[in-house]
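Protein chains in written order, with the numbering used here: chain A, 1 to 336; chain B, 337 to 1173. Following: one structure in structure tokens, then a few remarks.
Dropping the structure here:
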């Protein structure tokens, strides 16, 4: 059903009759849409957005009808409804009407469900996602890429996701691209996604997973296929050698401190698996699972006081002299 | 609207009746009271207090979410608050509130003087209170549960929640669930056996139908959660692996067991609330409910269907598409019984020009709100749509529409409706209107925008959210609405405070209601009805019984007291008089039993095994004293035969209240065992090999002998019953002794086999099941042994009252038969299944 989807537009929410307040507010605040199910950027999300629209209209009409009937009943002149103590009224409104609507909706839901089950072409890439407390490990086994909290995909083709967790239950959700799927320890779940146009879409964990569930976000970056190939090729490379003195000093601090117990920088001795792979840290837009945009300053704050940025995060703070910190930052920001 | 006209009872008779039914004075009386109205009122008041606590937690949460990146609450506190908010509202407010209404109103509505098991009712209340305090004691200990009210593993397990918070939660809710289960037991038996003569099932008020339906739903829905709770507590306490995928367990097993409880739980809350609306609407419309038969069908269908749609909470777990289509169908089906009830209410009101009292306003608010919640319920029933909105604020909005619109609003309707009955004074209508409009408008301001914010991508259970995603304005509006609800609730408290003191005198029937509770004074006297009511219509106060009906059924229960608490038992279908039974008066045993059970839970929490043993032994001891008849009743029992109206004072065998209660207990425990056995086969399916690699198939000799011993024990009890019916004293003793010895043999054989197993419960889920199912069987047989011994002791020691003990022997037999069956099945599963699979 891929490319025939109705074009998603910003006007869509204004049609919603039920959450009137919401619609009004949307008009006021505009339509950011980075994480909205109503601003679909792929075929899966588009079908569901249509479904939300259809069921909201249908549901709103039903609600209106029942409420009007109630009011009519309250203000009507004395009378009994229908024959036989309202039996027809109850059977018509309470049995026949919902039965017909439910059968129709069930069929509609089944058709959409069937369409969401499998993509109509072979997925171009397979991506493994491992949920951690509280970040996302993202691996491209066929491309030799390992990254974190930022998934890059080619546009116009489905990508296949294999998702699991080695700790608690998480749920992977990018509203602009489609519905969510749980990551269960001991299980591997599957999901396919497709983005039609290039763009960056925000997602976040949807299953409560502990103290920092709220700050377990990530971004999906969709590129045209050739750009994606370039990105993957760059990411597959090991980190560049530290060339300058400052960078060598920074690398020394990184490898000589606790950093390397948890983090990997491919091409060095740092091969920890507890925290995100940092081989190409500087190429990412955010740190701490979408919590703050990456900059030299935010990275410094995160390294020195992660608990201040994201209380409860599993990364301990570091005691570094100013010189050590500056060297370390220089090194990390060189990992692009 | 007058009550059925009967000769006025003499004042001195009423005074004597009053003194028999009244509670003893002072502190002792306060702790020992068992009357259904006192206990029901306590249930309601305590549940309302927990409602306020849960509401305060909600206000804290809404304050935190008012603006993006707020630092009002740290994340750990926010997580504790939403866990306790959900837990409180689900376990400590909605269900106990319904039980309180039921305990207070149902006996009045069916024309009974009391519930069937007044002491059990009081015990249930103490379990609720102590369990709730147990849960809230986690605040004092600084380890508040924080894994959500759904407590998904592994987050709630030993690895990720090592602190005591989840132990408080697991043990606390199990404690509270005991109260729901005993309340269900006594309500089922009371409703089926205590209805006034002539109140055949098809004349039973809809509210009573709803309570009957949810009582059965509780019997089948709560044990799976207790089973899951036991498994999780064992995982945490002794390292079993039920939910640990690394040890052959499954995190989805918890989700299945939780939602097999959790979804029926929603209807357990909704049906009594809808039942209240089905009482309020006809009263103010001044006509019987339209489509009574359809409404009753809808109530029963909802209770049954509620068990068939738990998977719709698990659409995003990767369940196969065919199963998803099935559970979508069952989820959508629920629209029909809900539609029937809504349309029946509208049909009842249609053109009736009702008086718009506050109670009716709440009912109108219920329809408007609940229908919107039903609409969004259909939306989330559709799998693809649910994949987007599951675990977002859309779902939060949806279930608050259902649970506030469909449960809290009706509870307020019920409070405004029955407050005059309970207190004798009307609530102020002026304050009532402020109360209603503040809560109603505040509710929609809070929860309507949540639909949108959820679709716009905001997940639930987040302590904060970033700027720039378009959620800020809506969240601020929601918070304002929440404070408006809070203001409305404060107005209600003020209204209750003022009205209970100086509200207008209500009289017996201020609304012109048609059901029996309006036939008695407000507040009702401790005995409710001086004489039994005679029912000839669904609204007995609106249609007087005919002369013949009054001749046939009137005056069976008279105000002429025999210095004991008497009430009338009638037949299940037609409510024909069967017997006058004597109910126990005040007692401290319920409180002591609850304290003993509490000691066990505290021991389990603090890992102090001696305290657990003390609690267990004390529980058995108190239960034995409880079940032993007191001297005064024994004396009276010897002297009496039949009542003046020629109704027997005895119900033998399977007609007796004892046997009925035992039968409901068997259903409860059977569901518990069924949950464990279901868990066993679920984990068999999750594992590639069974027994898993490294485990040998178990030996069969001892288990076969054990199963044979258990089966023979059941047969010995059967023989004892045959002797008992013929009056043999020694024969019963021999039969029970034989069953006890065989039961002991079973326990020894299983224990020996477990000792020789060569592995421990913490090695693999297989080993956990091996041991825990064995313990379940041992516990059943041990309980049956104690039950049998108690029955035999009454039979032998008080041999002059054998007719009276026969029901106890029958009940002990029933339980023994059940325990033998459990023992045989469990042994077959634990020892046989690994050979077959």
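No residue lacks a Cβ here, since even glycine has one placed at the ideal position from N, Cα and C.
Please tell me whether residue i has its Cβ less than 8 Å away from any Cβ of chain A.
i: residue 724 of chain B; result: yes
i: residue 440 of chain B; result: no
i: residue 1018 of chain B; result: no
i: residue 546 of chain B; result: no
i: residue 679 of chain B; result: yes
i: residue 415 of chain B; result: yes
i: residue 665 of chain B; result: yes
i: residue 686 of chain B; result: yes
i: residue 571 of chain B; result: no
i: residue 795 of chain B; result: yes
i: residue 800 of chain B; result: yes
Identify, in the order they occur along the chain, each residue of the same chain with its Cβ nearer than 6 Å to the Cβ of residue i, setting aside the five sequence neighbours on each side.
i: residue 875 of chain B; result: 624, 850
i: residue 1069 of chain B; result: 1128, 1132
i: residue 730 of chain B; result: 787, 790, 791
i: residue 35 of chain A; result: 175, 202
i: residue 1121 of chain B; result: 1076, 1079
Would you mind sorting residue i into buried or exposed? The rule is 16 or more other CB atoms within 10 Å of its CB.
i: residue 638 of chain B; result: buried
i: residue 390 of chain B; result: buried
i: residue 465 of chain B; result: buried
i: residue 25 of chain A; result: Low confidence applies to residue 25 of chain A: its pLDDT is 46, below 50, so where it sits in the model is not reliable, and the reading given next is rough at best. Burial call: buried.
i: residue 449 of chain B; result: buried
i: residue 1037 of chain B; result: exposed
i: residue 892 of chain B; result: buried
i: residue 833 of chain B; result: exposed
i: residue 946 of chain B; result: exposed
i: residue 261 of chain A; result: exposed
i: residue 392 of chain A; result: The displayed coordinates of chain A run from 1 to 336. Any statement about residue 392 of chain A would go beyond what the structure contains.
i: residue 166 of chain A; result: exposed
Quick one: does residue i have its CB under 8 Å from some CB of chain B?
i: residue 328 of chain A; result: no
i: residue 338 of chain A; result: In the structure displayed, chain A extends from 1 to 336; residue 338 of chain A sits before or after that span and is not available.
i: residue 185 of chain A; result: yes
i: residue 212 of chain A; result: yes
i: residue 182 of chain A; result: yes
Among the candidates the options, whose CA atom is the shortest distance from the CA of residue i?
i: residue 689 of chain B; options: A:74, A:53, A:212; result: A:74
i: residue 444 of chain B; options: B:925, B:1057, B:856; result: B:856
i: residue 728 of chain B; options: B:1092, B:652, B:706, B:447; result: B:652
i: residue 432 of chain B; options: B:550, B:937, B:1168; result: B:550
i: residue 585 of chain B; options: B:1100, B:1164, B:569; result: B:1100
i: residue 630 of chain B; options: B:678, B:774, B:1111; result: B:678
i: residue 279 of chain A; options: A:109, A:89, A:335; result: A:335
i: residue 987 of chain B; options: B:848, B:913, B:958, B:966; result: B:913
i: residue 879 of chain B; options: B:351, B:622, B:356; result: B:622
Ordered along the chain, which non-local residues of its own chain (more than five positions away) have a Cβ less than 7 Å from that of residue i?
i: residue 64 of chain A; result: none
i: residue 997 of chain B; result: 453, 521, 525
i: residue 885 of chain B; result: 534, 870, 872
i: residue 719 of chain B; result: 651, 660, 664
i: residue 29 of chain A; result: Low per-residue confidence applies at residue 29 of chain A: pLDDT is 45, beneath 50, and the placement is therefore not dependable, though the value from the model is reported in the following sentence. Contacts found: none.
i: residue 553 of chain B; result: 600, 603, 604, 639, 642
i: residue 136 of chain A; result: 129, 148, 149, 218, 289
i: residue 285 of chain A; result: 150, 219, 293, 294
Tell me which same chain residues have a C-beta within less than 8 Å of the C-beta of residue i, skipping the five on either side of it?
i: residue 1147 of chain B; result: 992, 994, 995, 997, 998, 1123, 1127
i: residue 18 of chain A; result: Any reading at residue 18 of chain A needs caution, since the residue's pLDDT is 46, under 50, leaving its predicted position unreliable; the model's value is listed next. Excluding positions up to five away in sequence, the list reads 56, 59, 60, 63.
* **Whole alpha helix (DSSP H) elements within the stretch 494-568 of chain B, 4-residue minimum** => 501-529
* Asked: Can you list the alpha helix (DSSP H) stretches of 4 or more residues lying completely in the stretch 736-764 of chain B, in chain order?
  -> 745-759
* In chain order, which alpha helix (DSSP H) runs of at least 4 residues are fully inside the stretch 794-846 of chain B? -> 808-838
* To do: Taking only runs that begin and end inside the stretch 876-960 of chain B, name each unbroken beta strand (DSSP E) of 3 or more residues, in chain order.
  => 901-906, 913-919
* To do: Could I get the ranges of all uninterrupted alpha helix (DSSP H) runs contained in the stretch 430-468 of chain B, with 4 residues as the minimum, in chain order?
  => 431-446
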